[in-house]
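> Below is a structure I'd like to ask you about.
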Amino acid sequence: MMARLTILFVAGAALAGAAFLRNDLHSVRRDLGLAPRWVERTGGSAAEDLGARWVVLSSAALGVLRPLAIDFLWLRAAFLQADGSFFEAEALSRLITRLEPRLPDVWAFVAHNLAYNIPPSFPPRERYTWVLRGLRLLRDEGLVFNPRSAAIHFQLAFTYRHKIGLDLDEAGRFYRAELADTFEAGNGEPPADQALLEAWRLEPDRVKRLEAKYGAVLDFRVAESHALYWAERGLELAGPDVERWRMNLLRGEVEGACWQLFNGGRPIKAPGGILRAFLPDLRFAGAVEELLDARAGRGAPDSDELRAEFWRRRVLYVFLFEGAEPARASLARAEAFLRTGGAALEDILAASILAAGGERPPLEVISGLLDASVLLEIVGESSLSTGFRALANLRYESLGEEAGGRIEGPFEALFRAAVLRRAAAWRADARTRSLLERSRLLTEVLELAGPEPKVSLPPPGDLLFELEVLDPLHPDNAPSAPLSPGREAIPPR
Amino acid sequence: MTPSAARAIAGSAFAETSRQPAFALVILFTLLSYALSPSIAMFALGEDLALLKDFGLSTALVAGLLVVSLGASSVVGRDLELGTAGVLLSRPVSRHAFLLGKVLGVCAAATMAFSIFTVALFLAAREGPAIESHGRTRWPAAAVELAAILLAAVIAGIYSRRSARPFRPAVIKMSCVTLLGAFLAVSILDPDPRHPSGFDSNLLKGALLALLAVYVLASVASLLAVLLGRGAFLGTILVFLAGLVLGEERPVAFGLVPDLQLFWVGEVFYARNLEVPWSYVAGAGAYAAACSTACVAAAAFFLERRELP
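Which chain is which? The protein sequence lines are U and V, in order. Quick note: the first sequence, position 10, residue 9 per numbering that gives the first Met the number 0, numbers continuous. Quick note: the second sequence, position 294, residue 293 per numbering that gives the first Met the number 0, numbers continuous.
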């Protein structure tokens, strides 16, 4: 009896000792970063916890079967994707990330594949869901297992800035429209919805810190605001042992996001349509100026060219948004970088217009600027519309000095011709007719007595800032098949 | 309980475990997987070597699990079920000595297997996955391992012929020596530039921690063998899976399941400039000792109450 009691006592004491040691050892593991990643999470569903536990199990208990499974899944997923079985390929790709959860480059590769390589197989309006899948994989899963990974933060920022923010994909305008829709309240303003920010893993405190740093409220309708957030987050969280080139990539994303925000950080929605034009946001001019100065301070080889380009654009944007006098003040500051030898504002702007217009004939450039003015007028951006008209007038006035550039009729007649051209289509549609009637300037121009101007304006071509999408009758603005996030499309076979 | 009786039983349990065909098969399969591992650790996007070390340790852990669960269910469970334990215990041998000897014997066999695994894993990690498809491999693990095992087989053949001892356990024992010798020879002839000290200390610590996990599993297997007989094999595998999955955050009902996550440091191979401290290995050793003591004590308690045929 005594022997049995002794045995029980020994077993109890050993168990107590084990429990004591266990807590200590887990604490050491957390300090070393050896603890399974889900321990670092706050919240998370039971399914997510189960998924994370499976990761530990697959890592420690599969032995040599794991690399064999990884090899097979990579090859099979590539084959399925080439065969057009995108959903199956995606499922296998997710399984791969579960078998290699601690490799940030694997997450980045799989997400890049989802966001970049699969969408072109779908019609433009059905591609956004794949871009979102890539983003979600990184944001909601990859960062859970690699919370400080520079590679995952970079891929997130890059996908927002490059895939959604730029037009390398013909569906870029739809991506931007979908993202803006998600973050736009009914009145066309960005919402102050904390739940939405949390759903997109945008920490409100960090957002506030960034807004203080850049001196501007981040508008998450714009993809580059997301890019800036994730790149800055990556720079802040990446540990000291991260390779320098990865940190440089993140810094490059910050610079790229600021540059794109400066050039197109202000969305304007087409009335009654789904698309948006993204106009320059001068709130980021200061941030870009600082970044370019810092770049020059580091001795980057193309710094002078970039700074000259920045100031050329800044003068143009200030002229468009604020008028001639503020633009002259900007030009005075830009002199050190543009080295114009004291050229007049008009010359600088004319040079900018020429650069933007490329090889197009002068009348076509003027036609484009006036068309932009008309479109901005109908969406209620009267001040900016005036800026475009002033720019068109500037170009018109400068034509006398160019050989063969003379245009018949006064400038007002040209503007009236531009209005009439748009009005012809808008009057035929009830929706756009009411918009037309709401604009005082356009109504006045249309009601002007007298014959139609004799000048015939050439088609405006591509407008600055892709303003043509503001036309409610633009074919891509038809709300017939707007894509809802999460909607699945049937892949072509 | 007499130490000499426990020692004798341990020796016999070690011999019995290492004579099992399954024991040799597990070692052979593990060696084969290590020999091929530089070729199968692909698709890790630059982290192939980390993946190799990670799954190499995992393979050793699973192989160790198989060794101890098969060994304990055989040398403890079968003895109790078939009544051979009763014959032994009819002599002046206490049940505690019987149990402790069996556990130590199984652990010794696992240690021998683990020493082979560790050296083979070091050889594979030394070779590493090919960086380029046309790169030349220096000292391929497969060739070195094969040469060491062939040498072990020749020596064991001569030894077993002269001493009339069984050939298979002799090859396994001799392989420990020849593999270690081969690793040392290769390290001296062609030092690994990635590890000036000659080896990856994290890999050594990881292998030691995995061995400690295997000791815990051996004691769990012995406890289950007392309770379930040869069903201990399956039971130990379930405890292994539960011990890995439950981790730190676990329901109270599973509080008695050993926390095997503490012995798993696969994360360390993917981190840069991270070193597992020896103090952690020592703490894990103390935890393994406490868990093993609790299991063996519980097994002794149940063995005391058990009617033997």
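From the three backbone atoms N, C-alpha and C, an ideal C-beta is built for every residue, glycine too.
Mind listing the chain V neighbours of U/V27? Cutoff is C-beta to C-beta under 9 angstroms, in chain order.
Those are P276, S278, Y279, G282, listed as they occur along chain V.
> Considering only residues of the same chain and omitting the five flanking positions on each side of V/L227, which have a CB-CB separation below 6 angstroms?
G234, listed in sequence order.
> Check whether the stretch 14-26 of chain V touches the stretch 13-31 of chain U, counting contact only when three or more Cβ pairs, one atom from each stretch, lie closer than 8 angstroms.
With the cut-off at 8 angstroms, the stretch 14-26 of chain V and the stretch 13-31 of chain U do not touch.
> For a contact defined as C-beta to C-beta under 8 angstroms, what are the partners of V/Y269 on chain U?
Here the neighbours are R101, L102.
> Measure the C-alpha to C-alpha separation of V/W263 and U/A59 and round it to an integer number of angstroms.
For V/W263 and U/A59, the distance between alpha carbons rounds to 7 angstroms.
> By DSSP, does U/R297 sit in helix, in strand, or in coil?
U/R297: coil per DSSP, three-state reduction.
> Determine, using beta-carbon pairs with one atom in the stretch 379-399 of chain U and one in the stretch 316-325 of chain U, whether at least three such pairs fall under 8 angstroms.
The stretch 379-399 of chain U vs the stretch 316-325 of chain U: in contact.
> Taking 7 angstroms as the threshold (beta carbon to beta carbon), is V/W138 in contact with chain U?
False, the Cβ-Cβ gap to chain U never drops below 7 angstroms.
> In chain order, what residues of the stretch 103-127 of chain V put their CB closer than 8 angstroms to some CB of chain U?
Of all residues in the stretch 103-127 of chain V, none has a Cβ within less than 8 angstroms of some Cβ in chain U.
> Using beta carbons (cut-off 7 angstroms, strictly below), is V/F97 in contact with chain U?
By this cut-off, V/F97 is not an interface position.
> Out of U/T96, U/L330, U/D180, point me to the one whose CA is closest to U/A307's CA.
Checked all of U/T96, U/L330, U/D180; the closest Cα to U/A307 is U/L330.
> Could you give the DSSP three-state label for U/L278: helix, strand or coil?
In the structure shown, U/L278 sits in a strand (DSSP, three-state: E or B).
> Return yes when the Cβ of U/L393 is within less than 7 angstroms of the Cβ of U/L466, no when it is not.
Against a cut-off of 7 angstroms, the Cβ pair of U/L393 and U/L466 comes out as no contact.
> Hey, out of U/L419, U/P459, U/P457, whose CA is closest to U/E443's CA?
Closest by alpha carbon: U/L419.
> Do you know offhand how far V/Q260's Cα is from V/E274's?
C-alpha separation (whole angstroms): 17 angstroms.
> Look at the alpha carbon of V/V92 and the alpha carbon of V/G282, and state the distance between them as a whole number of angstroms.
Cα to Cα, V/V92 sits roughly 34 angstroms from V/G282.
> With distances taken from CA atoms, which of U/L374, U/F414, U/F153, U/S366 is nearest U/P457?
When each option's Cα is compared against that of U/P457, the closest is U/S366.
> With a 10 Å radius around its C-beta and 16 neighbouring C-beta atoms as the bar for buried, classify U/W73 as buried or exposed.
It counts as buried.
> At 7 angstroms on the CB atoms, spell out the chain V contacts of U/I117, in chain order.
Here the premise fails: no neighbours, minimum Cβ distance about 19 angstroms.
> Under a three-way DSSP split, which group does U/R265 fall into?
If DSSP states are grouped into helix, strand and coil, U/R265 belongs with the strands.
> The alpha helix (DSSP H) spanning V/T235 covers which residue range?
Run containing V/T235: 231-245, per the alpha helix (DSSP H) assignment.
> Would you please verify whether the beta carbon of V/D199 is less than 7 angstroms from any beta carbon of chain U?
It does not; no Cβ of chain U falls within 7 angstroms.
> DSSP three-state label for U/Q193, please.
Three-state DSSP puts U/Q193 in a helix.
> Can you pull out the residues from the stretch 65-80 of chain U whose beta carbon lies closer than 9 angstroms to at least one beta carbon of chain V?
Of all residues in the stretch 65-80 of chain U, R65, P66, L67, I69, D70, L72, W73, L74 have a Cβ within less than 9 angstroms of some Cβ in chain V.
> Report the three-state DSSP secondary structure of V/G45 (helix, strand or coil).
If DSSP states are grouped into helix, strand and coil, V/G45 belongs with coil.
> Identify, in the order they occur along the chain, each residue of the same chain with its Cβ nearer than 7 angstroms to the Cβ of V/V102, setting aside the five sequence neighbours on each side.
Excluding residues within five positions, the ones whose Cβ falls inside 7 angstroms are A217, S218, S221, V295.
> Rounded to the nearest angstrom, how far is the Cβ of U/I352 from that of U/L390, given a contact under 8 angstroms?
That pair is a contact at about 7 angstroms.
> Start and end of the alpha helix (DSSP H) containing V/T16?
Here the alpha helix (DSSP H) through V/T16 covers 2-18.
> Could you pull the start and end residues of the alpha helix (DSSP H) that U/E363 belongs to?
Segment 361-377, the alpha helix (DSSP H) holding U/E363.
> Using beta-carbon positions only, say whether U/R313 and U/G255 come within less than 7 angstroms of one another.
No; because the gap between Cβ atoms is not below 7 angstroms, this pair is not in contact.
> List, in chain order, every chain V residue whose beta-carbon is nearer than 9 angstroms to that of U/I6.
What U/I6 touches in chain V: H95, A296, A297, A299, F300, E303.
> Name the chain U residues that come within less than 8 angstroms of V/A309, Cβ to Cβ?
The requested residue 309 of chain V is not part of the displayed model; chain V covers only 0 to 308.
> Thinking just about the alpha-carbon of each residue, which of U/S372, U/R430, U/E436 is nearest to the one in U/R415?
Checking every option, the nearest Cα to that of U/R415 belongs to U/S372.
> Helix, strand or coil for U/T158 per DSSP?
If DSSP states are grouped into helix, strand and coil, U/T158 belongs with the helices.
> Can you list the alpha helix (DSSP H) stretches of 4 or more residues lying completely in the stretch 108-164 of chain U, in chain order?
The stretch 108-164 of chain U contains these whole alpha helix (DSSP H) runs: 127-135, 149-157.
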